[in-house]
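Participant: For the sequence shown, this note's numbering assigns the number 541 to the initial residue and increments by one for each residue that follows.
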Amino acid sequence: MSAATPGAASLKSIYNALMSDRDFRRLSSFISDRCGIKLPPAKKTMLEGRLRKRLRALGLTDFSQYCDYVFSRDETDPEHVHMIDAITTNKTDFLREPQHFDYLLQKIIPRLLEVQGLGLKTRLNIWSAACSTGEEPYTLAMCLMEFVRKVAPIDFQILATDISSRVRDTARRAIYDHEKVDPLPLNWRQKYLLRSKDREKGLVRIVPELRNLVKFQHLNLLADDFGLQEPQAVIFCRNVLIYFYEPTQLTVLTRLCQQLIRGGYFFVGHSETLHGLDLPLVQEAPTIYRKI
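Encoded structure:
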């Protein structure tokens with residue numbers, strides 16, 4: 541089956557297309573196996589709405605055709621990428637949960653510097669897992685630059701990964717609506733953002749100095765091997781686990797802990813907890829853990 545441009549009659553069919561329970565089970569099972577995202581029956585309408593634009597793009601008129609199309613192709617097919625992009629949720633903000641960044645700057649970085657010499661003897665590596673459109677890793681870069689300016693010149697790099705190619709492309713461009721950067725302190729905005737020459741567009745861009753500190757790459761947290769070359773001192777994996785089933789959560793967390801140095805730190809979101817899980821982590825503060 542080849543993609544086609546739908547006519548007016550087909551467009552009407554697409555907008556009125558409803559997903560059968562069978563097609564929902566096929567798609568939700570595939571998505572869960574591929575990237576761990578849980579889609580209970582209550583998410584059927586959401587999935588239907590997000591994939592309807594894929595029907596239009598491919599010239600298909602119902603979800604049964606879409607299932608046949610997707611499942612007849614291997615995982616390297618571009619449509620698999622488009623589908624993951626369509627169904628992933630990418631809610632993020634600059635300086636989201638600011639207490640995390642305060643703790644990082646005031647407690648964790650000085651401790652890693654003093655006890656393990658990270659940033660001086662060896663590079664300090666920080667990983668923003670599920671980085672979405674880049675607000676989190678760029679906030680981390682700003683925090684570390686503030687530490688360099690005010691405390692000590694340390695060597696660091698921020699790794700930012702996500703399964704969605706769409707959000708990674710947005711993150712690499714590093715261009716945001718002016719309203720998105722409002723949570724940042726004024727002096728940070730003045731130092732780390734460039735305003736568009738066309739002020740009516742209301743756009744800003746992260747300065748090149750900061751963009752160069754963040755390395756973006758594709759990564760599926762369900763992969764057996766993350767393929768990372770260096771251990772990480774700090775991992776931010778916030779508001780990700782809530783989208784996984786419990787067995788998948790433990791599998792992913794175990795693999796993430798294997799990437800973390802002894803004495804390294806792990807951050808989760810405000811609605812997440814690692815309590816009761818068999819992991820080499822102890823809680824240091826709300827939603828902040830240290831590897832033992």
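Think of the CB as a built atom: it goes at the ideal place given N, C-alpha and C, for glycine as much as any other residue.
Thinking just about the alpha-carbon of each residue, which of Gln-799, Thr-827, Glu-676 and Phe-784 is nearest to the one in Thr-628?
Facilitator: Working through the sequence shown from its first residue, we reach residue 628 at position 88. Per the Cα distances, Phe-784.
Participant: Across the segment 735-746 and the segment 715-727, are there enough close Cβ pairs to call them in contact, namely three or more that are closer than 8 Å?
Facilitator: Yes, they touch.
Participant: Touch check for the segment 799-809 and the segment 693-700: three-plus C-beta pairs under 8 Å?
Facilitator: Short answer: they don't touch.
Participant: Taking Cβ positions, are Met-559 and Leu-587 nearer each other than 8 Å?
Facilitator: Taking the first residue of the sequence shown as 1, we reach residue 559 at position 19. Taking the first residue of the sequence shown as 1, we reach residue 587 at position 47. Contact flag set, yes.
Participant: Spatial neighbours of Thr-710 within its chain, please: C-beta separation below 6 Å, excluding the five flanking residues on both sides.
Facilitator: Stepping through the sequence shown from its first residue, residue 710 is reached at position 170. Here the set comprises Thr-673.
Participant: Throw me the rounded Cβ distance for the Leu-768 and Leu-793 pair, which I believe falls under 8 Å.
Facilitator: Locating residue 768 in the sequence shown gives position 228, where the first residue counts as 1. Locating residue 793 in the sequence shown gives position 253, where the first residue counts as 1. Leu-768 to Leu-793, Cβ: 16 Å. No contact.
Participant: Whole angstroms is fine: what's the gap from Thr-545's alpha carbon to Ala-597's?
Facilitator: Numbered from 1 along the sequence shown, position 5 holds the residue referred to as residue 545. Numbered from 1 along the sequence shown, position 57 holds the residue referred to as residue 597. Confidence at Thr-545 is low in this model, with a pLDDT of 47, below 50, so its placement is unreliable and no value can be given for it.
Participant: Can you name, in chain order, every residue of its own chain whose Cβ lies under 7 Å from the Cβ of Lys-578, other than the five neighbours on each side?
Facilitator: For this step, residue 578 is matched to residue 38 along the sequence shown. Once the five neighbours on either side are set aside, the close Cβ partners of Lys-578 are Ser-572, Tyr-783, Phe-784 and Tyr-785.
Participant: Give the single residue among Lys-755, Gln-798, Ser-569 and Gln-639 whose Cα lies nearest to the Cα of Gln-772.
Facilitator: Looking up residue 772 in the sequence shown gives position 232. Nearest of Lys-755, Gln-798, Ser-569 and Gln-639 to Gln-772, Cα basis: Gln-798.
Participant: Using the C-alpha atoms, what's the distance from Lys-583 back to Ser-542?
Facilitator: Mapped onto the sequence shown, residue 542 falls at position 2. Mapped onto the sequence shown, residue 583 falls at position 43. At Ser-542 the pLDDT is 48, less than 50, meaning the model places this residue with poor confidence; the figure from the coordinates comes in the next sentence. Computed Cα separation, rounded: 29 Å.
Participant: May I ask you to list the residues that DSSP assigns as paired with Asp-702?
Facilitator: Mapped onto the sequence shown, residue 702 falls at position 162. Paired residue(s): His-758.
Participant: Express the C-alpha separation of Leu-761 and Arg-778 in angstroms, rounding to a whole number.
Facilitator: Here residue 778 corresponds to residue number 238 of the sequence shown, with the count starting at 1. Here residue 761 corresponds to residue number 221 of the sequence shown, with the count starting at 1. Rounded to the nearest angstrom, the two C-alpha atoms are 13 Å apart.
Participant: Identify the continuous alpha helix (DSSP H) that holds Gly-589 and give its terminal residues.
Facilitator: Locating residue 589 in the sequence shown gives position 49, where the first residue counts as 1. Per DSSP, Gly-589 belongs to the alpha helix (DSSP H) from 584-598.
Participant: Using 8 Å as the threshold, is the segment 605-619 in touch with the segment 647-661, meaning 3 or more CB pairs across them?
Facilitator: Judged by Cβ distances under 8 Å, the segment 605-619 makes no contact with the segment 647-661, as fewer than three pairs qualify.
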